[in-house]
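In my numbering, the protein residues as written are 140 to 362. Remarks on the structure that follows.
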Ligand code: DC
């Protein structure tokens, strides 16, 4: 690996603003961008496509490890394909969000995702900004800069409500943000900053302020 490669890992619960933030930081610093949640979501679409039940662990593992996942690493382009099919819009549908925990709570599926994510993060000689719940602790603990974005539950619900305006009910929204956090936190502790991970509470910050703060930290931590 060239020495000047810069790797930034950003964790945080849903609605903490990690996707928008990570994309904006990648654009500002000229790095690639990896949305690891999109990979979990793509696999959920793949197992649903294959007619697999979320309760059938062995079949979910098989659908995960055999899935051909391609996704854009360009912060200005957004597309995801699974098994040759474009699922960019479908991965954001409530049906996908409701089934994704079936993938993210199976250790064998996580191991497969982690292996692929490391390879994708290493594929750009300039470096990468990657976001996802275990990115600072499991996927890339050696990243130059590791950030845990947090925000109060109220701020997170408000932001997700803005993203999903008119597309889902209040109950579905609470389910997506709060229940999924609970399910996912059975395997990954993404609410407490691990050693060496910087905590950034964004409840009262604008996106521009968050991006500035991370860019400053990145300049300080450049290898
Ligand atoms: O960040 P997101 O909402 O797009 O993530 C979708 C799901 O995948 C969510 O249930 C958490 C899970 N996930 C995970 O467990 N680990 C990651 N690195 C990324 C996402």
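Using N, Cα and C, we set each Cβ at its ideal position, and we do this for glycine too. All values derive from a computational prediction rather than experimental measurement.
**Report entry** Same chain, Cβ closer than 6 Å to residue 157, neighbours up to 5 away in sequence not counted
**Finding:** Closer than 6 Å at Cβ, skipping near neighbours: 149, 151, 270 and 288.
Do residue 172 and residue 239 have their C-beta atoms closer together than 7 Å?
-> No. Outside cutoff.
Open item on the list: Starting from residue 210, trace the beta strand (DSSP E) in both directions and tell me its first and last residue.
Closed with: Under the DSSP assignment, residue 210 falls in the beta strand (DSSP E) whose first and last residues are 208-210.
Under 7 Å between C-beta atoms, does residue 157 make it to chain C?
-> This model lacks chain C altogether, as it is built from one protein chain only.
Would you report the Cα separation of residue 212 and residue 176, rounded to the nearest angstrom?
13 Å
- Message: Among the candidates 320, 305, 308 and 360, whose CA atom is the shortest distance from the CA of residue 292?
- Response: 320
Simplified DSSP assignment, three categories, for residue 155: Three-state result, residue 155: coil.
message = Just checking residue 243 against the ligand DC - is the residue's beta carbon closer than 6 Å to any of the ligand's heavy atoms?
response = yes
Under the three-state DSSP convention, the category residue 243 falls into: helix
TODO: Determine the DSSP secondary structure at residue 270, reduced to helix, strand or coil.
DONE: strand
*Exposure label - residue 214; buried when at least 16 CB within 10 Å*: buried
Quiz item: Residue range of the beta strand (DSSP E) that residue 347 falls in?
Solution: From DSSP, residue 347 is part of no beta strand (DSSP E) but of the alpha helix (DSSP H) over 346-360.
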